[in-house]
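Start counting the sequence shown at 251; every next residue gets the next number (our numbering). First the structure, in the form of structure tokens, and then the observations on it.
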Amino acid sequence: MKLPLLLRISVLSGLLLGGCGYKTLPVAPSAMIPRPVTDLSYELTDSGAVLRWTFPDRTVSGEKIAEIDSFQLYRAEVPVDDYCETCPVPFAAPITVAGGSLPDKGSRQGSWEDAPMRAGYIYLFQLRSRSGWLSESEDSNLISFRWEKPSARPKQAAVPVAAADRTPPQVPGNVTAARTASSVKVFWDAGEDKDLAGHKVYRRVGEAAPELIGEAKVPYNLFEDKNPPPKGVPVFYAVSSFDQSSPPNESQKSAEASLR
Numbered sequence: 251m252k253l254p255l256l257l258r259i260s261v262l263s264g265l266l267l268g269g270c271g272y273k274t275l276p277v278a279p280s281a282m283i284p285r286p287v288t289d290l291s292y293e294l295t296d297s298g299a300v301l302r303w304t305f306p307d308r309t310v311s312g313e314k315i316a317e318i319d320s321f322q323l324y325r326a327e328v329p330v331d332d333y334c335e336t337c338p339v340p341f342a343a344p345i346t347v348a349g350g351s352l353p354d355k356g357s358r359q360g361s362w363e364d365a366p367m368r369a370g371y372i373y374l375f376q377l378r379s380r381s382g383w384l385s386e387s388e389d390s391n392l393i394s395f396r397w398e399k400p401s402a403r404p405k406q407a408a409v410p411v412a413a414a415d416r417t418p419p420q421v422p423g424n425v426t427a428a429r430t431a432s433s434v435k436v437f438w439d440a441g442e443d444k445d446l447a448g449h450k451v452y453r454r455v456g457e458a459a460p461e462l463i464g465e466a467k468v469p470y471n472l473f474e475d476k477n478p479p480p481k482g483v484p485v486f487y488a489v490s491s492f493d494q495s496s497p498p499n500e501s502q503k504s505a506e507a508s509l510r
């Protein structure tokens, strides 16, 4: 008696699956999986960066590897203003980089050039190596950097880079000016910014533009103008805050305090 076609297909599929011992893709043994790359680094160029690394020559179980089939390079490009150090890295689809045979002695270096890059972006890279279709390593070390403009800077350490601080401290409040016998003393209330470094004092005489006349480092909130205009001349004082960044971020000027 002949079985119906659908039943015959079902029986045949069951025999095949039962015979191979699994129903999902096979997992490569540790003797085939390369050790992860640990020295991924970069060197900035006039238009981007060159990545470099050492081919792994052993599997995770210590077996010698004769050839790396390919590398999977993961790349992310994030605007500085959107960068989040604790968020998952938004890697794009991986780029396949060719591998090759390993020498009997010594090591082999891999490289890949990424250019051009866009100013004001943070770039992040990670790498995986393959010795076969199913034999993919764990992630390499993560590298990141901010690219601004062509530079001849030396090779950077392969460590994550935090986005630059662009937030100025609070504007000083309650600026007051008081004339003494030979000077003018300027007082103000400082903000509560943790990275506050000091304050800049500006003076405007009559209708002229404000002029920077000095600074006061924390914790001081007093400045003495020892060469003020003579009495009767309208003079105005304003104060700004600056932080510990390099270069420092400076706040807007405060409301002016006036004297005659």
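Note that CB positions come from ideal geometry on N, CA and C, so glycine has one too.
As assigned by DSSP and simplified to three states, the class of Asp443:
Against the sequence shown, residue 443 aligns to sequence position 193. DSSP places Asp443 in coil when its eight states are reduced to three.
Helix, strand or coil at Val330 according to DSSP, with G and I counted as helix:
On the sequence shown, residue 330 is found 80 positions in, with the first residue counted as 1. Correct three-state label for Val330: helix.
Local Cβ density within 10 Å of Val489, reported as buried at 16 or more and exposed below that
For this step, residue 489 is matched to residue 239 along the sequence shown. It counts as buried.
Provide the residue span of the beta strand (DSSP E) that contains Arg358, from first to last.
Counting from one through the sequence shown, the residue named residue 358 turns up at place 108. Where Arg358 is concerned, there is no enclosing beta strand (DSSP E), given that its DSSP letter is neither H nor E.
Just the Cα atoms here: how many angstroms apart are Ser291 and Phe321?
The residue labelled residue 291 in the question sits at position 41 within the sequence shown. The residue labelled residue 321 in the question sits at position 71 within the sequence shown. So the alpha carbons of these two residues sit roughly 15 Å apart.
Put Asp307 into one of helix, strand or coil per three-state DSSP.
Translated into the one-based positions of the sequence shown, residue 307 becomes position 57. In the structure shown, Asp307 sits in coil (DSSP, three-state: anything other than H, G, I, E or B).
Between the alpha carbons of Pro419 and Ser504, how many angstroms are there, rounded?
The count along the sequence shown starts at 1 and reaches residue 419 at position 169. The count along the sequence shown starts at 1 and reaches residue 504 at position 254. So the alpha carbons of these two residues sit roughly 12 Å apart.
Got a sec? Which residues, its chain only, sit under 6 Å from Ala326 by beta carbon, not counting five neighbours each side?
The sequence position of residue 326 within the sequence shown is 76, counting from 1. Only Val339, Pro340, Phe341 and Leu374 meet the Cβ criterion.
Return the chain-ordered list of same chain residues with a C-beta closer than 6 Å to the C-beta of Lys471, the five sequence neighbours on each side being excluded.
In the sequence shown, counting from the first residue as 1, residue 471 sits at position 221. Sequence check: residue 471 is Asn here, not Lys. So the qualifying residues of the chain are Trp438 and Ala440.
Return the CA-CA distance between Leu377 and Pro366, expressed in angstroms with no decimal places.
Taking the sequence shown and counting its residues from 1, the one referred to as residue 377 is at position 127. Taking the sequence shown and counting its residues from 1, the one referred to as residue 366 is at position 116. For Leu377 and Pro366, the distance between alpha carbons rounds to 20 Å.
Under DSSP, the beta strand (DSSP E) around Arg396 begins and ends at which residues?
Start at 1 with the first residue of the sequence shown, and residue 396 comes out as number 146. Where Arg396 is concerned, the enclosing beta strand (DSSP E) stretches over Ile393 to Trp397.
What residues in its chain sit with their C-beta under 6 Å from that of Lys435, if we drop five residues either side in the sequence?
Here residue 435 refers to the residue found at position 185 of the sequence shown. These residues qualify, in order along the chain: Ala428 and Glu474.
Exposure label - Tyr272; buried when at least 16 CB within 10 Å
Counting from 1 along the sequence shown, the entry for residue 272 is found at position 22. For Tyr272, the predicted model reports a pLDDT of 41, less than 50, meaning its position is unreliable and no value from the coordinates is stated.
Can the beta-carbon of Thr309 be found closer than 8 Å to that of Pro284?
Locating residue 309 in the sequence shown gives position 59, where the first residue counts as 1. Locating residue 284 in the sequence shown gives position 34, where the first residue counts as 1. Their beta carbons are under 8 Å apart, which means Thr309 touches Pro284 by this criterion.
Considering only residues of the same chain and omitting the five flanking positions on each side of Ser351, which have a CB-CB separation below 7 Å?
Taking the sequence shown and counting its residues from 1, one reaches residue 351 at position 101. Ala316 and Glu317, listed in sequence order.
Buried or exposed, going by whether 16 or more other CB atoms sit within 10 Å of the CB of Asp360?
As a first step, residue 360 is located in the sequence shown; it is residue number 110 there, counting from the start. Asp is not the amino acid found at residue 360; the sequence shown has Gly there. Classification of Gly360: buried, given that the 10 Å Cβ count is 16 or more.
Within 10 angstroms of the Cβ of Ala507, are there 16 or more other Cβ atoms? Answer buried if so, exposed if not.
In the sequence shown, residue 507 corresponds to position 257, counting from 1. Taking every protein chain shown into account, the CB of Ala507 has 16 or more other CB atoms within 10 angstroms, so this residue is buried.
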